[in-house]
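Trainee:
In the numbering used here, the protein residues as written are 704 to 879.
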């Protein structure tokens with residue numbers, strides 16, 4: 704690691720503050736009593752790091768996303784408790800919970816599906832419940848999901864959204 708020449712500069716203090724907030728948000732998501740960040744979410748963040756060619760842990764990937772978004776003057780978000788209620792290609796139900804850095808900023812986004820973690824080309828608009836979760840309810844994805852075949856999905860806030868760039872990890876599942 705690098706020891707800065709003057710660790711008390713305004714820029715260094717700001718940078719440490721952003722990292723501290725990122726780590727705190729990940730820990731808060733992990734400790735959430737209702738919708739905690741679980742192993743499925745950790746695997747998803749690790750898959751995202753792998754897809755981006757980074758050799759880092761899921762935790763560092765979540766922190767990096769947060770830092771990148773906050774440095775761009777937007778609101779960071781850590782996602783948790785991905786739940787697939789129904790995995791049927793013709794009527795998929797899923798929920799992904801939000802842990803936003805400040806308030807209820809996320810307003811719109813899409814779930815991107817694909818056959819590999821680097822080929823997420825099929826977008827479906829998500830239902831956003833401000834400050835709580837993003838979801839798909841009985842969404843027909845049969846045009847690009849095949850029963851018995853592994854699929855990948857990632858949530859991404861829309862361009863110009865206050866959380867733009869705060870993408871979720873890349874989840875995988877088998878469509879029924």
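Ideal Cβ placement from N, Cα and C applies to all residues, glycine included.
Predicted, not measured: the structure shown is a model, and the values here were computed from it.
Strictly by DSSP, which residues pair up with residue 858?
Mentor: As a position in the chain shown, residue 858 is number 155, starting the count at 1. Residue 858 pairs with 814.
Trainee: Which partner residues does residue 783 have in the DSSP bridge list?
Mentor: What you label residue 783 is simply residue 80 of the chain shown in a count that begins at 1. Beta-bridge pairing links residue 783 to 800.
Trainee: Under three-state DSSP, which class holds residue 762?
Mentor: Along the chain shown, one-based indexing puts residue 762 at 59. The answer is helix: DSSP assigns residue 762 an H, G or I state.
Trainee: Are the beta-carbon atoms of residue 858 and residue 829 separated by less than 8 Å?
Mentor: In the chain shown, counting from the first residue as 1, residue 858 sits at position 155. In the chain shown, counting from the first residue as 1, residue 829 sits at position 126. Cβ distance < 8 Å, so residue 858 and residue 829 count as in contact.
Trainee: Would you call the region 831 to 847 in contact with the region 727 to 734, where contact means no fewer than 3 C-beta pairs closer than 8 Å?
Mentor: Counting Cβ pairs under 8 Å, fewer than three are found: no touch.
Trainee: Tell me which same chain residues have a C-beta within less than 6 Å of the C-beta of residue 725, skipping the five on either side of it?
Mentor: Residue 725 sits at position 22 when you count from the first residue of the chain shown. Same-chain partners within the cutoff: 766, 769, 770.
Trainee: Spatial neighbours of residue 748 within its chain, please: C-beta separation below 6 Å, excluding the five flanking residues on both sides.
Mentor: Here residue 748 refers to the residue found at position 45 when the chain shown is read from its first residue. Here the set comprises 761, 764, 765, 872.
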